[in-house]
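This report concerns only the one structure given below.
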Amino acid sequence: MNDLSTSSQITYRAVLVEPGVVRRIRGLSDKSLAWLFITPTIVLLLAINIFPLVWTIYLSFTNYRANRPNAPTLWLGTDWYQSILTDPDIWAAMQVTAHFVIWTVVIETVLGFGLAFLIDKKFRGHGVWTTIILLPMMLSPAVVGNFWTFLYQPQIGLFNYLVAFVTGRSASSFQMLGDVTLSPWAIVIVDAWMWTPYVMLICLAGLRSIPDYIYEAAEVDRASNWRQFWSITLPMALPFIMLAVLFRGIENFKMFDMVNLLTGGGPGSTTEVASITLKRAAFESWRTGYSSAFAIILFVTVFGLANIYVKALNRVKSR
Amino acid sequence: MTLDGNSSMPRSGFTDRILRRGPLEAIATMIIAAGVVMLMQPFFLMLYSWSFATTLFGTVMFTLVSKVRE
Amino acid sequence: MSLANAAHSVVEPSVGTRRFAGSLVVLYAVITMIPLVWIVLTSFKSPDDAISYPPRILFTPSLEGYCNLFTTRSRQTPEFIKTLGPPQGLCDNIARDRNMVIAGPSNYVPRFVNSLIIAFGSTVLAVALGTLSAYGFSRFRVPLKDDLLFFILSTRMMPPIAVAIPIYLMYRTLGLSDTRLGMILLYTSVNVSLAVWLLKGFIDEIPREYEEAAMIDGYTRFQAFVKVVLPQATTGIAATAIFCLIFAWNEYAFAVLLTSGNAQTAPPFIPIIIGEGGQDWPAVAAGTTFFLVPIVVFTVLLRKHLLRGITFGAVRK
Chain A
63 MNDLSTSSQI TYRAVLVEPG VVRRIRGLSD KSLAWLFITP TIVLLLAINI
113 FPLVWTIYLS FTNYRANRPN APTLWLGTDW YQSILTDPDI WAAMQVTAHF
163 VIWTVVIETV LGFGLAFLID KKFRGHGVWT TIILLPMMLS PAVVGNFWTF
213 LYQPQIGLFN YLVAFVTGRS ASSFQMLGDV TLSPWAIVIV DAWMWTPYVM
263 LICLAGLRSI PDYIYEAAEV DRASNWRQFW SITLPMALPF IMLAVLFRGI
313 ENFKMFDMVN LLTGGGPGST TEVASITLKR AAFESWRTGY SSAFAIILFV
363 TVFGLANIYV KALNRVKSR
Chain B
35 MTLDGNSSMP RSGFTDRILR RGPLEAIATM IIAAGVVMLM QPFFLMLYSW
85 SFATTLFGTV MFTLVSKVRE
Chain C
3 MSLANAAHSV VEPSVGTRRF AGSLVVLYAV ITMIPLVWIV LTSFKSPDDA
53 ISYPPRILFT PSLEGYCNLF TTRSRQTPEF IKTLGPPQGL CDNIARDRNM
103 VIAGPSNYVP RFVNSLIIAF GSTVLAVALG TLSAYGFSRF RVPLKDDLLF
153 FILSTRMMPP IAVAIPIYLM YRTLGLSDTR LGMILLYTSV NVSLAVWLLK
203 GFIDEIPREY EEAAMIDGYT RFQAFVKVVL PQATTGIAAT AIFCLIFAWN
253 EYAFAVLLTS GNAQTAPPFI PIIIGEGGQD WPAVAAGTTF FLVPIVVFTV
303 LLRKHLLRGI TFGAVRK
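Residue numbers (the numbering used here), protein chains in the order written: chain A, 63 to 381; chain B, 35 to 104; chain C, 3 to 319.
As structure tokens, this is what we get:
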């Protein structure tokens, strides 16, 4: 130890004498240290994410079935892609996904931004209430989603009871999870309940990033509150809103756990979002090649959106 | 989409201005967005069929474009 | 600035506005809490109270849900039960009132233990790997840095089911299916991306001058990292660890597809707790309550860092 520090001491003195040489030596050790630090992570990700991904790409061109590992594997080219991309059933699943994604994102953005706007008024006790509001998004979507099936029970469920109480309809006259028209909304409600706080939190950061002096200048110019909202608050919070919208969009595009437990895709296939279709093909019909192709289609979509997300992230970061 | 402002740059030739990262990235973003919309729209099966190719093209373009000089 | 924030600043909302905003937010908070309160209430109900109509808010509390959660029971004739000795403990008493005999412990505890082992194991690994990488990315010039960082982030964005297909095949070949090790590795790989991004943000905030001063004092780069940077980053590391813990604790998609018994965690287990004639809701609620309490505690501890966590460290408030 002692030796070590003395030698560095010498190095330090040497810096004063001959900076170039020492910087090169130190730079070299830094470089190897950098790789030493980064490599384990990259290796792990290569092994558990990238290798499987490459394998999926390979499987998507074959007729491999996971439940018949010993059957001969045939090369099919892009057959699976063509059949998926012309299949009206898969197209229908994409529209179920679209319904889910669009409505959850719209509801969460409106509610989340509204809440953030109100919390930003800094009323007494806003910290405590904010923490309470944030709770649902931290909980397990599966475990809580499962409990919502209880709240949605036609006769005994609290949700139906409260709706009946407010609207005057009979609590057993509608089934949130069993009805073809209502079940797509049942999953939207649970998702909005869980993830509105997420949008709220990001919007709140956006609102708080607007410096006070801009509002003060607007006051001096006698701009109305309404005008201030539309020309200062909203435009300046917009990058943050975009960030939240993109992230919720990506997450809900691949939503699986909550929907699987609430409806499992049913009734019929009215709530069969893309991930459920994929899970059925991969782990129930064991059409591994086919589902690999579908997985790649979903993955490329998510990857494309992730590119845009990171761009939005960097834009917010520079604020 | 807002593009990166380049007001400080002197005006230069057409190709020079187009082949920069900002506009190209914006185009790639649009293509990806278009692909996603095509994937999930309920109107034309044809658009759905071509959505994957569009998204893939946009994503590859985005990745390549991010290497272009700023 | 200080002038602007003085008592009568033009941008300060009026008392009336504040009260109005406050009451709306409180209203939302109350509505949003109803399902959670209902879970806790249901866990203390008897099965009859749980499925009564209209739903009961006032009821005699019972521990039957918790008893049913932790035990398996078998139905016996009253005559047989009379031949047994006096009931042992509260749960035995409740079971015998329903003509049941406790047959043994349920699977909830092993599943819960699996959740603990897998969550903590993957968190420790992810944070250890993440801290090293974050330091590397934060302090050194790494070629293709932005691409590597994006690559790391994009692995987290992959749809879980798409990843699960090849992982299932890979684990089957390697003999890792339905093992805790397999799940720990999988969750580590998902969490490490979050850990790298979050910790890079935290380490970026520590002035380089600290390490440089230490290195001038004779520390090597590695010593400076261990003795100067790590202590400074403790809060960040703790916050990151809690985020990883929560993710691994809550995860369902991989768990339900890749585990069946041995390594099954609590989230896929809780929904399949069934009693006689359908789901045993008080037991499900009890399992849910048990499962959610640590998260509620962690959320309160973490409230200052939540924003960072959900934006991968980009927004720091």
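Beta carbons: idealized from backbone N, C-alpha and C, even for Gly. Here the structure is a predicted model, which is why all the values come from computation and not from measurement.
query: Hey, which unbroken runs of the alpha helix (DSSP H) at 4 residues or more fall wholly within the region 72-144 of chain C?
result: Those alpha helix (DSSP H) runs which fall completely within the region 72-144 of chain C and span 4+ residues are 80-85, 91-99 and 110-141.
- request: With 8 Å as the C-beta to C-beta threshold (strictly closer), list the residues of the region 348-378 of chain A near chain B in chain order.
  value: When CB distances to chain B are screened at a threshold of 8 Å, the residues of the region 348-378 of chain A falling below it are 359, 362, 363, 365, 366, 367, 369, 370 and 373, in chain order.
- request: Identify every run of the alpha helix (DSSP H) within the region 223-309 of chain A, keeping only runs that are complete inside it and at least 4 residues long; order them along the chain.
  value: Runs of the alpha helix (DSSP H) inside the region 223-309 of chain A: 245-270, 274-282 and 287-290.
query: Which residues, in chain order, does the region 60-91 of chain B contribute to contact with chain A at a C-beta distance below 7 Å?
result: Hits within the stretch, in order: 63, 66, 69, 70, 73, 74, 76, 79, 82, 83, 86, 89 and 90.
Contact between the region 33-42 of chain C and the region 202-210 of chain A (3+ Cβ pairs under 8 Å): Yes, they touch.
query: What residues in the region 142-173 of chain A bring their beta carbon closer than 8 Å to a beta carbon of chain B?
result: Interface annotation for the region 142-173 of chain A against chain B: 143, 147, 148, 150, 153, 156, 157, 159, 160 and 163, criterion Cβ-Cβ distance under 8 Å.
message: Looking at residue 115 of chain A: is its Cβ nearer than 8 Å to the Cβ of residue 70 of chain B?
response: Translated into positions along the first sequence, residue 115 of chain A becomes position 53. Translated into positions along the second sequence, residue 70 of chain B becomes position 36. Going by C-beta atoms, residue 115 of chain A is not nearer than 8 Å to residue 70 of chain B.
task: Give a yes or no on whether the minimum CB-CB distance between residue 314 of chain A and chain C is below 8 Å.
output: Within the first sequence, numbered from 1, the residue matching residue 314 of chain A stands at position 252. It does not: the Cβ of residue 314 of chain A has no partner Cβ on chain C nearer than 8 Å.
query: Can you tell me whether residue 99 of chain C is buried or exposed, with buried defined as 16 or more other CB within 10 angstroms of its CB?
result: Counting from 1 along the third sequence, the entry for residue 99 of chain C is found at position 97. Burial check for residue 99 of chain C: the Cβ neighbour count within 10 Å stays below 16, so the residue is exposed.
message: I want to check one thing, is the minimum distance from the CB of residue 164 of chain A to the heavy atoms of the ligand FAD below 7 Å?
response: Only the bare structure without any ligand can be found here, which leaves the ligand FAD out of the picture.
- request: Have a look at C:210, C:227, C:192 and C:206 and flag the residue whose alpha-carbon is nearest the alpha-carbon of residue 251 of chain C.
  value: Reading the third sequence from its first residue, position 249 is the one you call residue 251 of chain C. Of the candidates C:210, C:227, C:192 and C:206, the one whose C-alpha sits nearest the C-alpha of residue 251 of chain C is C:192.
- prompt: Does the beta-carbon of residue 215 of chain C have 16 or more other beta-carbons within 10 angstroms, so that it is buried, or is it exposed?
  reply: Here residue 215 of chain C refers to the residue found at position 213 of the third sequence. With fewer than 16 neighbouring CB atoms inside 10 Å of its own CB, residue 215 of chain C falls in the exposed class.
field: Cβ neighbours of residue 94 of chain C in the same chain (closer than 7 Å, five flanking residues each side left out)
entry: Translated into positions along the third sequence, residue 94 of chain C becomes position 92. Within its own chain, the residues whose Cβ lies closer than 7 Å to the Cβ of residue 94 of chain C, once the five positions on either side in sequence are excluded, are 104, listed in chain order.
message: Can you pull the chain A neighbours of residue 23 of chain C, defined as C-beta to C-beta under 7 Å?
response: Here residue 23 of chain C is taken as the residue at index 21 of the third sequence, counted from 1. In chain order: 180, 183 and 185.
message: One question on the structure: do residue 147 of chain A and residue 249 of chain A come within less than 8 Å of each other, judged by their Cβ atoms?
response: Walking along the first sequence from the start, residue 147 of chain A turns up at place 85. Walking along the first sequence from the start, residue 249 of chain A turns up at place 187. With respect to the 8 Å criterion, residue 147 of chain A and residue 249 of chain A are not classified as neighbours on the basis of their beta carbons.
message: Along the region 247-267 of chain C, where does the CB come closer than 9 Å to a CB of chain A? Name the residues.
response: Cβ contacts with chain A: 248, 251, 252, 253, 254, 255, 257, 258 and 259.
Proximal chain D residues relative to residue 316 of chain C, where beta-carbon distance stays under 7 Å: Absent from the structure: chain D. Protein chains present are A, B and C.
- prompt: Where does residue 281 of chain C sit, in a helix, a strand or coil, going by DSSP?
  reply: For the purposes of this step, residue 281 of chain C is taken as residue 279 along the third sequence, with counting starting at 1. Residue state for residue 281 of chain C is assigned as strand, using DSSP reduced to three classes.
Delimiting residues of the alpha helix (DSSP H) encompassing residue 122 of chain A: Against the first sequence, residue 122 of chain A aligns to sequence position 60. Residue 122 of chain A -> no alpha helix (DSSP H), and no H or E assigned at all.
query: Going straight from the alpha carbon of residue 89 of chain A to that of residue 225 of chain C, what length do you get?
result: Residue mapping note: residue 89 of chain A aligns to position 27 of the first sequence, counting from 1. Residue mapping note: residue 225 of chain C aligns to position 223 of the third sequence, counting from 1. Because residue 89 of chain A carries a pLDDT of 47, less than 50, the predicted location of this residue cannot be relied on, and no value is offered for it.
query: Would you call residue 151 of chain C buried or exposed, if buried means 16 or more other Cβ atoms sit within 10 Å of its Cβ?
result: For this step, residue 151 of chain C is matched to residue 149 along the third sequence. It is buried - the Cβ of residue 151 of chain C has at least 16 other Cβ atoms within 10 Å.
query: Does residue 191 of chain A have its Cβ less than 8 Å from a Cβ in chain C?
result: As a first step, residue 191 of chain A is located in the first sequence; it is residue number 129 there, counting from the start. So, interface residue.
message: So residue 86 of chain C contacts chain A; which residues on that side make the cut at Cβ distance below 8 Å?
response: Residue 86 of chain C sits at position 84 when you count from the first residue of the third sequence. Chain order gives no chain A residues near residue 86 of chain C, where near means a beta carbon separation below 8 Å; the closest approach is about 34 Å.
message: Does the CB of residue 331 of chain A have a neighbour CB from chain C at under 8 Å?
response: By one-based count along the first sequence, residue 331 of chain A stands at place 269. It does not: the Cβ of residue 331 of chain A has no partner Cβ on chain C nearer than 8 Å.
- prompt: So, does the CB of residue 205 of chain A fall closer than 8 Å to a CB anywhere in chain C?
  reply: Sequence index remark: in the first sequence, residue 205 of chain A carries index 143 (1-based). Interface residue, yes.
query: Measuring CA to CA, which of A:270, A:347 and A:337 is closest to residue 319 of chain A?
result: What you label residue 319 of chain A is simply residue 257 of the first sequence in a count that begins at 1. For the residues A:270, A:347 and A:337, the minimum Cα distance to residue 319 of chain A belongs to A:337.
query: How would you write the range of the alpha helix (DSSP H) that residue 174 of chain C sits in, first residue to last?
result: Position 172 of the third sequence, counting from 1, holds the residue named residue 174 of chain C. Run containing residue 174 of chain C: 162-176, per the alpha helix (DSSP H) assignment.
Partners in chain C for residue 92 of chain A, counting only beta-carbon separations shorter than 9 Å: Working through the first sequence from its first residue, we reach residue 92 of chain A at position 30. Residues of chain C passing the Cβ test: 141, 142, 143 and 223.
message: Quick check: what's the CA-CA separation for residue 191 of chain A versus residue 84 of chain C?
response: Within the first sequence, the letter at position 129 stands for residue 191 of chain A. Within the third sequence, the letter at position 82 stands for residue 84 of chain C. About 53 Å.
field: Run of the alpha helix (DSSP H) containing residue 203 of chain A, from where it starts to where it stops
entry: Within the first sequence, residue 203 of chain A is the residue found at index 141, counting from 1. First-last of the alpha helix (DSSP H) with residue 203 of chain A: 203-213.
query: What are the residues that DSSP puts in a beta bridge with residue 276 of chain C?
result: Within the third sequence, residue 276 of chain C is the residue found at index 274, counting from 1. Per DSSP, the beta-bridge partners of residue 276 of chain C are C:281.
message: Is the beta carbon of residue 138 of chain C closer than 8 Å to that of residue 99 of chain A?
response: Numbered from its first residue, the first sequence carries residue 99 of chain A at position 37. Numbered from its first residue, the third sequence carries residue 138 of chain C at position 136. Against a cut-off of 8 Å, the Cβ pair of residue 138 of chain C and residue 99 of chain A comes out as a contact.
task: Quick one: residues in its chain with C-beta nearer than 8 Å to the C-beta of residue 92 of chain C, no 5 flanking neighbours on either side, listed in chain order?
output: Taking the third sequence and counting its residues from 1, one reaches residue 92 of chain C at position 90. Around residue 92 of chain C: 65 and 69.
Cβ-based burial, residue 175 of chain C [other Cβ within 10 Å; buried from 16]: If you number the third sequence from 1, residue 175 of chain C lands on position 173. Residue 175 of chain C is classed as exposed because its beta carbon has fewer than 16 other beta carbons within 10 Å across all chains shown.
message: Taking 6 Å as the limit between beta carbons, can you name the residues of its chain near residue 41 of chain B, skipping five residues before and five after?
response: As a working note, residue 41 of chain B is residue 7 in the second sequence. Reliability of the predicted coordinates at residue 41 of chain B is poor, the pLDDT of 42 falling under 50, and the value obtained from them is presented with this limitation in mind. So no residue of the chain qualifies.
message: Quick test of the definition: if touching needs 3 or more C-beta pairs under 8 Å, does the region 164-172 of chain C touch the region 240-249 of chain C?
response: No contact exists between the region 164-172 of chain C and the region 240-249 of chain C.
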